[in-house]
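K.L.:
Residue 138 in full-length UniProt numbering sits at position 138 of the sequence shown; the count goes up by one each step and never skips.
Below are the structure tokens for one structure; questions will follow.
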Amino acid sequence: MEMQLTQRQELKVALTKELVQAIELLQYSTVELQSLLHEQALENPFIELRERKRPIHRRREQTDRMDYIENVSAFKHSLPSHLHAQLVGMRVSNEHKKALDYLIASLDEWGYLHTTIAEAACHLQLEETVVSNALHMLRSLDPAGVGAENLSHCLYLQLIRLPKRDELAETIVTEYFEPFVNKKWKEIKAKLGVELSDLQRVWELIRTLHPRPGSLYNDEQMTYIVPDVIVSYDNGTWTVTMNEEIIPTVVWNEAYERKVQTDDPHVRKYIEEKRQQFQWIQRCLTQRATTMEKITLELIDKQRDYFEKGSLHMKPLTMRDVAASLNMHESTVSRAVKNKYMQTPHGLIEMRRFFTSGVDDASQEKVKSLIAELIKQENSQKPLSDQNIADLLEQRYNICVARRTVAKYREQLHIPPASKRKQYA
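Right, dumping it as structure tokens:
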């Protein structure tokens, strides 16, 4: 064996810190990008963020919609605070107030009560009649159904507060709730001596009630999806617009630079480093917008049937197809569409949904849309089974999918099975 020292030249691709950050920035959504820019402005005193002016031609109804959203977000409050607000001004004894506070604190996020009168009385060292009266008072508050023990009780509390009482509906939710929701209506019909049309009427009435009244008042922050790109059709041309309205403009603060300017080499070096950081952010923003626009235009070209006719006409498409057409790496396309949403003439759509795996020459999204359409057109008195739907997909559209696949897609669409879609009148 012999030890030797040799030199060899190699060409490697090294990811600099700036390049890594640029790649990360590409996958940020519009909202995430807004937050990042504010962080950069805090770190770099020479970066100034200026809010973009809203275009004057913006339609009034759009402005009203945004104002409405802002108001909803501002005034949304929790269920406990909503209930306590209704007690203000009411004559309530200290004992009853103590019991009410305890009961309200025992409600879950849906408004259901997770304690009994006996447990509350024991814990508070109060008479059970006091707790019972407090619970009766709680259940009289808004929203109707709050303080219920379970779902059937919640629906009953809502039914008894309707302007016109329905005795059959009240009987069903209290005595026949399980067989009713499982559509064992012939059994109920025989026991109560009513018609199936009566049970169908009760079904429609119950569907107007709220199974989780407390969820109307929760303190979770409301989330709104902001489209990253807007696609519109005008005068025979498809137009792509980056939604930069909420992204501030990044500018160099010349006034601050003049203020701190000095001959000190350390200060001059610091300013130059911050200038390079500012220029890097500008390049990344430009590159991000350019990449997003190119991908969107390519999607319009490859998914033209979707943009012109709707989701039923979505075609199978891979990121590799788009990357090859644009001479990009597949990972670049993946990052560019990650967590991004597109506003189209057919509504808001997550950009990743354009890339769907094939199911016997049909995309998953297309199959789901067809399933929803078939169910929408079905005879409600003889709803289609999952196997019926699979057969129709093959007969009408030459799409072969298994029954279990239909069941999976139907569940993802939050559509109940045929037994629970059946109506009797």
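All C-beta atoms in this analysis are idealised placements derived from N, C-alpha and C, irrespective of residue type, glycine included.
Bear in mind that the values here come from a model prediction, so they are computed numbers and not experimental data.
Sort N388, L124, E365 and M90 by Cα distance to residue 428 and report the nearest one.
P.N.:
In the structure displayed, the chain extends from 1 to 425; residue 428 sits before or after that span and is not available.
K.L.:
If you measure between the beta carbons of Q200 and Q423, is that distance less than 8 Å?
P.N.:
In contact: Q200 and Q423 (Cβ atoms closer than 8 Å).
K.L.:
Are Q34 and I246 touching if we call contact CB-CB under 8 Å?
P.N.:
Against a cut-off of 8 Å, the Cβ pair of I246 and Q34 comes out as a contact.
K.L.:
Would you check if the distance between the CB atom of N339 and the CB atom of Q27 is smaller than 8 Å?
P.N.:
Yes; because the gap between Cβ atoms is below 8 Å, this pair is in contact.
K.L.:
Once you ignore the five residues that flank L124 on each side, which residues in its own chain have a CB closer than 8 Å to its CB?
P.N.:
Excluding positions up to five away in sequence, the list reads K98, A99, Y102 and V131.
K.L.:
What would DSSP say about G111, mapped onto helix, strand or coil?
P.N.:
Looking at G111 - three-state DSSP - the assignment turns out to be coil, as it is neither helix nor strand.
K.L.:
DSSP beta-bridge partners for Y156?
P.N.:
Note: Y156 sits in no beta bridge, so no partner.
K.L.:
Quick one: what does DSSP say I47 is sitting in, helix, strand or coil?
P.N.:
Three-state DSSP puts I47 in a strand.
K.L.:
Start and end of the beta strand (DSSP E) containing Y176?
P.N.:
From DSSP, Y176 is part of no beta strand (DSSP E); its letter is neither H nor E.
K.L.:
Hey, does L370 have any beta-carbon neighbour from chain D nearer than 8 Å?
P.N.:
No chain D is present in this structure, which holds just one protein chain.
K.L.:
What residue does the alpha helix (DSSP H) around Q282 start on, and which one ends it?
P.N.:
Q282 -> alpha helix (DSSP H) spans P265 to K302.
K.L.:
So, P163 versus P213, is the Cβ gap smaller than 8 Å?
P.N.:
It is not a contact, given that the beta carbons lie outside the stated cut-off.
K.L.:
Cα separation between E204 and G236?
P.N.:
Their Cα atoms are separated by approximately 45 Å.
K.L.:
What beta strand (DSSP E) runs, 3 residues minimum, are completely inside the segment 318-393?
P.N.:
You should have 341-344 and 347-350.
K.L.:
Residues in its own chain within less than 8 Å of G358 by CB, not counting five upstream and five downstream?
P.N.:
Note on G358: pLDDT 45, under 50, position unreliable in the model; no value is reported.
K.L.:
Mind the definition here: the segment 391-400 touches the segment 334-351 only if three or more C-beta pairs lie below 8 Å; say whether that holds.
P.N.:
As far as the Cβ criterion goes, the segment 391-400 does not touch the segment 334-351, which means the pair count is below three.
K.L.:
Spell out a yes or no on whether the segment 267-279 and the segment 377-386 are touching, meaning 3 or more CB-CB pairs, one atom from each, closer than 8 Å.
P.N.:
Taking 8 Å as the limit for Cβ pairs, the verdict is that the segment 377-386 does not touch the segment 267-279.
K.L.:
At 4 residues or longer, and completely inside the segment 102-147: list those alpha helix (DSSP H) runs for me, N to C.
P.N.:
Runs found: 117-124 and 128-138.
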